[in-house]
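The next block holds one structure in the form of C-alpha cells; read it before the comments.
Protein chains: 2
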Amino acid sequence: MGPVRFGRLKRLLVGMPLPTAQSRHERLDRPTALAVFASDALSSVAYATEEILLVLALAGTIALSYSLPIAVAIAALIVIVVSSYRQTIGAYPQGGGAYIVTKDNLGTYPSLVAGSALLIDYVLTVAVSVAAGIAAVTSALPALFGYREALCVLAVVGIAVANLRGIRESGRLFAAPTYVFVVTLGALIAYGSLGAIFDFIPEKPYEAHPPGLEGVGLFLILRAFASGCAALTGVEAVSDGVPAFKPPEAHNARVVLAWLGVILVTLFLGITILAYDFGIVPKKDETVLSQLAWHVFGGGPLYFVIQAVTMLILLLAANTSFADFPRLSFFLARDRFIPRQFATQGDRLVFSNGITILSGLAILLLVVFGGDTHALIPLYAVGVFMSFTLSQSSMVRRWMRLRSGGWWWRAGINGVGAVVTGVVMLTIAVTKFTHGAWIVVLLIPTFVVMFLFIHRHYEAVAEQLSLDGLTPPPPIENTVLVLVGDLHRGVVRAIQYAQALSPQAKAVFVETDPELTRRLEEKWGKWGMGVPLIVLTSPYRSLLGPLVEYIDHLRAQGDNHVVTLVLPEFIPAKWWQAIMHNQTAFLIKGAMLFRRNVIVTDVPYHLKH
Amino acid sequence: MGPVRFGRLKRLLVGMPLPTAQSRHERLDRPTALAVFASDALSSVAYATEEILLVLALAGTIALSYSLPIAVAIAALIVIVVSSYRQTIGAYPQGGGAYIVTKDNLGTYPSLVAGSALLIDYVLTVAVSVAAGIAAVTSALPALFGYREALCVLAVVGIAVANLRGIRESGRLFAAPTYVFVVTLGALIAYGSLGAIFDFIPEKPYEAHPPGLEGVGLFLILRAFASGCAALTGVEAVSDGVPAFKPPEAHNARVVLAWLGVILVTLFLGITILAYDFGIVPKKDETVLSQLAWHVFGGGPLYFVIQAVTMLILLLAANTSFADFPRLSFFLARDRFIPRQFATQGDRLVFSNGITILSGLAILLLVVFGGDTHALIPLYAVGVFMSFTLSQSSMVRRWMRLRSGGWWWRAGINGVGAVVTGVVMLTIAVTKFTHGAWIVVLLIPTFVVMFLFIHRHYEAVAEQLSLDGLTPPPPIENTVLVLVGDLHRGVVRAIQYAQALSPQAKAVFVETDPELTRRLEEKWGKWGMGVPLIVLTSPYRSLLGPLVEYIDHLRAQGDNHVVTLVLPEFIPAKWWQAIMHNQTAFLIKGAMLFRRNVIVTDVPYHLKH
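If you read the sequences in order, they're chains A and B. Numbering of the first sequence is given in this note's numbering, commencing with residue 291 and proceeding in unit increments. Numbering of the second sequence is given in this note's numbering, commencing with residue 291 and proceeding in unit increments.
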C-alpha cells in the first residue's frame with residue numbers, strides 16, 4: 291500500500307515525529323544563532339563586491355576604481371540599518387519581522403505589502419545564495435561548470451530535507467562553517483593586507499578615474515551601488531527570529547546583531563579594497579573572491595578551504611530562508627491571508643508546507659535563470675529594502691505614539707533608517723527595472739491582491755459557519771436507502787448496515803433488464819432480510835438518472851429531512867485491482883456532492899486476494 | 291461545475307442518449323453491410339500491390355515482374371479463405387468471429403490466442419488504413435506530405451467520434467464511398483486495359499526476369515508474397531458481424547461475402563496487371579495507385595475522384611475495426627478475460643470504452659511509426675492469419691464432431707483453408723520477423739497471459755463474494771462516533787446526524803492544545819445536544835494517530851461490530867476553493883480504507899459563496 295511505503299521513506303529522510311512538549315527546547319544559543327541567522331548577511335560578501343565590479347566594468351576598466359566609494363556608502367548603510375533593527379528587537383521580543391511590526395503600527399494594507407515583499411525575497415535568497423555557492427564550487431573545479439544548474443537543484447533539495455528534520459539539528463549542522471568562513475576570510479584579508487604592505491604579494495591597483503564622471507555616468511554608478519546593496523539582505527533575519535533565541539531572547543538577539551554588523555562591514559570592505567589593490571576583474575567562470583584567494587594564497591590548501599567554506603556559508607544563507615519563509619507563512623496563514631495549511635506544524639515541529647513551497651519556487655527560479663547569480667541579482671533586494679522601509683517607518687510611528695523614555699532619539703534613528711532605505715529601494719527599482727526588477731515590482735501588488743482575495747473567502751466561510759444567532763435545531767429525520775445491483779456478500783453486509791442505521795431502511799434497484807429484476811426478486815425473500823425492495827426503471831440504461839430523480843423526490847420533504855444512500859462496495863486486496871471494476875460508487879458520489887441533504891455512505895467489503 | 295459542462299460537449303459530439311428499445315432497429319441491409327463490413331478487405335487493394343512491388347524492388351527492377359505470379363497466388367488464397375468463411379457464417383449465424391468459433395470447438399486457450407491476435411490486428415487495421423488513406427491524399431496534394439502524421443491523428447479522432455454516435459448513422463455516412471470506389475476503380479481497370487489493347491495509353495512492361503531465381507532469392511519472393519497478403523485482412527469482418535445484418539442474417543451475410551470475394555480478386559488482379567503493363571515503380575511520396583490513375587486518366591477530374599474515394603474507403607476500413615474491436619472486447623469482457631467495463635454499452639448503444647481504447651492505441655501506433663504505411667505493414671497480417679488458421683481448424687473439428695450432411699466435403703474446404711492460412715501465417719512471421727513482426731509475435735502470448743491473469747482475479751472475487759454456503763448473518767451492532775474539531779454550523783449538523791443514526795452516538799475530539807479543549811468544553815453544554823464528548827490526547831499533534839488507536843480499540847469487539855465515523859465537512863461554493871482548506875477528511879478516509887468494519891460518512895455542509 292502506497293501511503294505506508296511513503297511513510298517509511300519520510301521517516302528515513304526526516305526522522306521520527308517529535309512531541310509538542312519538545313518545542314521549547316528547540317532554542318539557539320548565541321553562537322549557534324549567529325550561524326543560523328547571520329549567515330545570510332555574511333555570505334553576501336561572497337558576491338556583493340563582484341556585482342559592483344560587474345556593473346562598473348560595463349564602462350571599461352577605468353570605472354572600476356569607483357568600487358571603493360560605493361563600498362564605503364554601503365558600509366554606512368549597513369551601520370544605519372543595523373542600528374535601526376537593534377531597536378526593533380528591543381520593542382518586539384516576540385519576533386519583529388517587518389510583517390508584524392508594520393501590521394502593528396501602520397495597519398493591514400502596508401503589512402501585506404511587507405509580507406509580499408518578504409516572501410518574494412526569501413525565495414530569491416535561496417536562489418541567489420545557492421547559485422553563488424555553486425559558483426564557488428565551479429570556480430575551484432571548472433570541470434563542474436557545465437553542471438551548475440543540476441548542482442543548484444540538488445543543493446536546494448538537500449537543504450529542504452535537512453529542514454524538514456527540524457531546526458535544532460539544522461543549527462548544529464551549520465554552526466562550524468560560519469566560523470570557519472569568518473576566520474579564513476579574516477585571515478585572507480589580514481594576510482593580503484600584510485602582503486600588500488610588505489610587498490610579498492604583487493599589487494596592480496585599478497587605474498584611477500579622472501575627477502568627474504566622464505565615460506561612466508551617474509546612472510551606472512547608482513546601478514553598481516544598487517547591485518552591491520545585496521550585501522544588506524539578511525540583516526533583518528535576526529529580528530524576525532527573536533523567539534528562536536535562548537532567553538533572554540531580546541538581549542541575545544541584539545548582541546548577535548551587533549556582532550553581525552561589525553563582521554559584515556569588515557569582510558565586505560576588506561574584500562573590496564583588496565580586489566581594488568590586486569586589480570581583480572570579474573570573469574565569467576570564476577568568482578572575484580576565488581580570484582582574490584588564489585592571488586593571495588596561490589593554489590594551496592587554504593584556497594580550497596576558502597572555496598569550500600564559501601559554498602557552505604552560502605548554503606547556510608539559503609537555509610536562513612527555510613527558517614523565515616515558513617515562519618512568515620505561519621503569520622499570514624494565521625491571519626487568513628494565505629491558505630491555512632501553512633499554519634500547521636508537521637510532526638517534526640516544522641512547517642512542512644512552507645518548506646516544500648519555498649524549495650519548489652527556488653528550484654523554479656534556478657532552472658529558469660540557469661543557476662546564474664548575475665541573472666538573479668536584479669530581482670533581488672527590491673523586496674528587502676521595501677520591507678526595511680516599511681518596518682522602520684513603523685518604528686518611527688510607534689515611538690511617536692508611545693512617547694516612552696528617549697522616544698525622540700529612537701524615532702530619529704529609525705527615521706534616518708526609513709528615509710535612507712526608502713531612497714535605496716527606489717534607486718534599486720529604477721536602475722535595475724529593465725534587468726528583472728520589474729518582475730518583483732509586478733509581483734508584490736499581485737500577491738497583495740491574492741492575500742485580500744483569500745482573506746475575503748475565509749471571512750465568508752466563517753460568517754456562514756458561525757453559530758451566532760443559531761438556536762439548536764430540531765432533530766434530523768433520516769431516510770436510509772441501500773443501492774442494490776447484483777446480490778453478493780458485500781451487498782448483504784450493506785443491507786444489514788442499512789438496517790442497523792434505521793429499521794425503516796429501503797433497498798433500491800435500478801432496472802436495465804427485466805430478466806435481472808426477476809432473478810433478484812427471486813432471491814430477495816432469503817437475502818432481503820425484511821427490507822422492502824424498490825425497483826426504478828431506466829429506459830436509457832443509466833444507473834444515475836432514475837436514482838437521482840428518486841432521491842430528489844425524497845429530498846423535497848424539507849431541509850430537516852436527510853437521505854442517506856448506502857452503497858455496497860468491495861475493496862480489492864490490491865489497490866491496482868480497482869481498474870478491473872466499475873467505478874460506479876465514484877460516479878454516484880460525484881452526482882450527489884453538490885446536492886443538499888444527501889449523505890452517501892460506502893460500506894466496504896474487504897476481499898482477501 | 292466541470293461534469294455538467296463536459297456532459298454538454300459530449301451531447302453535442304455524440305448525440306442524445308438512445309433508449310434500449312431502439313436496439314433492434316440498428317440493423318444493416320445488404321448494400322449497407324457491404325459498405326461497412328467489406329470496406330476493410332476492398333480498401334487493401336489501395337496498398338497491397340505497392341507492398342509487393344516495394345519488396346521486389348529491393349532486388350532491382352528485374353525482379354518486379356514476379357508481381358504477377360505472386361498476385362495470382364494471393365487471388366487463389368482469397369478464394370480459399372472466402373469459401374472457408376462462407377461455411378462459418380452458415381454454422382454461426384449469431385456471429386462467428388474467430389474467438390467464438392475457436393472457443394466453441396478448440397477450447398479456451400486457443401480462443402484466447404485468437405482473441406489476442408484479433409485485438410492486435412484491429413488496432414493495426416485502423417493504423418494501416420488511416421496511414422494509407424492519408425497517403426492517397428498526400429499523393430494528390432504533395433504540399434500536405436509533411437503533415438501526414440497530424441492528418442492521421444485527426445482522421446482517427448474523427449472516426450472515433452462518428453462511432454460514438456452509433457452504428458446506423460455510420461452505415462449511412464459511409465455507404466456511398468464504397469460504391470464509388472468500386473465503380474471508379476473498375477472504370478480505371480477497364481479503361482486502362484482498353485488503352486493497353488488499342489494502344490492509346492503508352493505501355494512499358496517490367497523487363498522479364500530470366501528463368502530461375504538468380505539475383506532475387508526465394509526468401510525475398512516469399513516476403514513480397516507475405517506483404518501482399520495484407521490484401522486478405524478484413525475478409526473475416528463479415529462473419530464477425532452477422533448479427534448486425536437484417537434478417538435472414540446468415541443468408542445475407544453469405545451473399546455479401548461472395549460479392550466481396552469477386553470484387554476483391556478483380557480489383558487486386560486488375561491493378562497489379564496494369565501496374566506491370568505500364569511499368570509503375572513505387573515512389574516515396576506517391577502511391578502506386580495514384581501513379582497508375584494519373585497514367586491512365588492524366589491529371590483530370592477522374593484522377594482526383596479516385597484519390598478522394600480511395601481515402602474515403604480506407605477510412606471506412608478503419609471504421610470496420612470500430613465495429614469489431616468493441617464487439618470482441620464485449621465477448622472477452624463477458625467471459626471475464628478483460629476488465630468488465632468493456633461489456634457496458636454507453637447511452638448511444640455503442641461500447642464506448644472499446645471505441646476509446648481502440649482509437650488511443652491506433653493513434654499511438656501512428657505517432658510511433660510516423661504515419662507511414664510501409665513501416666506498419668510488417669506488423670500487420672500475422673494476427674489475421676493466426677485467427678484464420680484457428681477459426682478454420684475449429685470448423686474442421688466441428689464438422690468431424692457433428693457429422694451432419696456433407697460433413698466430409700465441408701471439413702475438406704475448411705481443412706484446406708486451415709492448412710493454407712497456417713502456412714501463410716508462418717511465412718509472414720518468418721519473412722517479416724526482423725522488420726516488426728516480432729512485436730506481434732511477442733504481444734500475442736503476452737495478451738493471453740494477461741487475459742488469464744484477469745480471469746483468475748474475477749474468479750477469486752466471485753468466489754469470495756458468493757452467497758453459497760452463507761446463512762443470513764445476525765444483525766450488525768453499530769457504534770456511531772462524530773469527529774469534532776472546531777464548533778460551527780457544519781459540526782452541529784454532523785452531531786445531529788450522528789444522533790439520528792444512533793441515540794448512543796458519541797463525539798470525539800483530538801486534543802493538540804489544552805486551551806482549545808477548554809474552549810470546546812465550555813460551548814459543549816449548549817451545542818453538544820446531549821451527545822457525550824470523548825477527548826483523546828495527542829502528544830505528537832497528529833489527529834490521525836489517537837483517532838485510529840481509539841477506533842481500533844472499538845473494532846476489537848468482533849466482526850459483528852461496526853464503527854461508523856461521522857465527519858463534518860463543509861463544501862465550498864466553488865470547487866477550486868477547496869485548496870484553501872485542510873484535506874483532513876481525505877486523510878482520515880485513506881487511513882480507514884483498509885481497516886475492516888469501519889465506515890466513514892461525510893456530512894456535507896454546503897456553503898453559498
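Don't be surprised by glycine CBs; every beta carbon is placed ideally from N, CA and C. Quick caveat, the model's predicted, so the values are computed rather than measured.
Beta-ladder partner(s) of residue i, from DSSP
i	result
T610 (chain B)	T610 (chain B) pairs with nothing; no bridge assigned.
E767 (chain B)	B:H851
E859 (chain B)	B:P894
V798 (chain B)	B:L773, B:I824
V888 (chain B)	B:V853
L579 (chain B)	Bridge partners of L579 (chain B): none, in fact.
F535 (chain A)	A:L318
Inter-residue Cα distance where the pair is residue i and residue j
i	j	result
Q867 (chain B)	P616 (chain B)	40 Å
K722 (chain B)	P668 (chain B)	6 Å
A440 (chain B)	V772 (chain A)	49 Å
V706 (chain A)	A548 (chain A)	18 Å
L582 (chain B)	A323 (chain B)	29 Å
E801 (chain B)	D411 (chain A)	36 Å
V714 (chain A)	T646 (chain A)	32 Å
L348 (chain A)	F659 (chain A)	21 Å
F568 (chain B)	F515 (chain B)	21 Å
F327 (chain A)	V674 (chain A)	15 Å
Buried/exposed call for residue i, threshold 16 Cβ in 10 Å
i	result
G531 (chain A)	buried
I824 (chain A)	exposed
W689 (chain A)	buried
N887 (chain A)	buried
K393 (chain A)	buried
V730 (chain A)	buried
N850 (chain B)	exposed
M443 (chain A)	Met is not the amino acid found at residue 443 (chain A); the sequence shown has Val there. Result: buried.
T610 (chain B)	buried
P836 (chain B)	buried
T761 (chain B)	exposed
Test: residue i CB closer than 8 Å to a CB of chain A
i	result
F921 (chain B)	Because chain B here runs from 291 to 899, residue 921 (chain B) falls outside it and cannot be looked at.
V852 (chain B)	yes
W817 (chain B)	yes
P763 (chain B)	yes
K796 (chain B)	no
Q786 (chain B)	yes
Q789 (chain B)	yes
Within chain B, partners of residue i - CB distance below 7 Å
i	result
V672 (chain A)	Correct list: empty, because the minimum Cβ distance to chain B is about 28 Å.
H747 (chain A)	Q867, M870
R886 (chain A)	H896
Interface residues of chain B facing residue i [CB-CB closer than 8 Å]
i	result
L883 (chain A)	I861, P894
N643 (chain A)	Residues of chain B passing the Cβ test: none, with the nearest at roughly 11 Å.
C-beta neighbour in chain B for residue i, strict 8 Å
i	result
R455 (chain A)	no
R779 (chain A)	yes
I889 (chain A)	yes
Any non-hydrogen atom of the ligand ATP closer than 7 Å to residue i Cβ
i	result
P762 (chain A)	With respect to small molecules bound, the structure shown includes none, and the ligand ATP cannot be examined in it.
Contact list for residue i against chain A, beta-carbon separation under 9 Å
i	result
K898 (chain B)	A750, Q754
Neighbour list for residue i in chain A, Cβ cutoff strictly below 8 Å
i	result
V782 (chain B)	L757, L760, P762, P763
Contact list for residue i against chain A, beta-carbon separation under 7 Å
i	result
I766 (chain B)	Q786, Y787, A790
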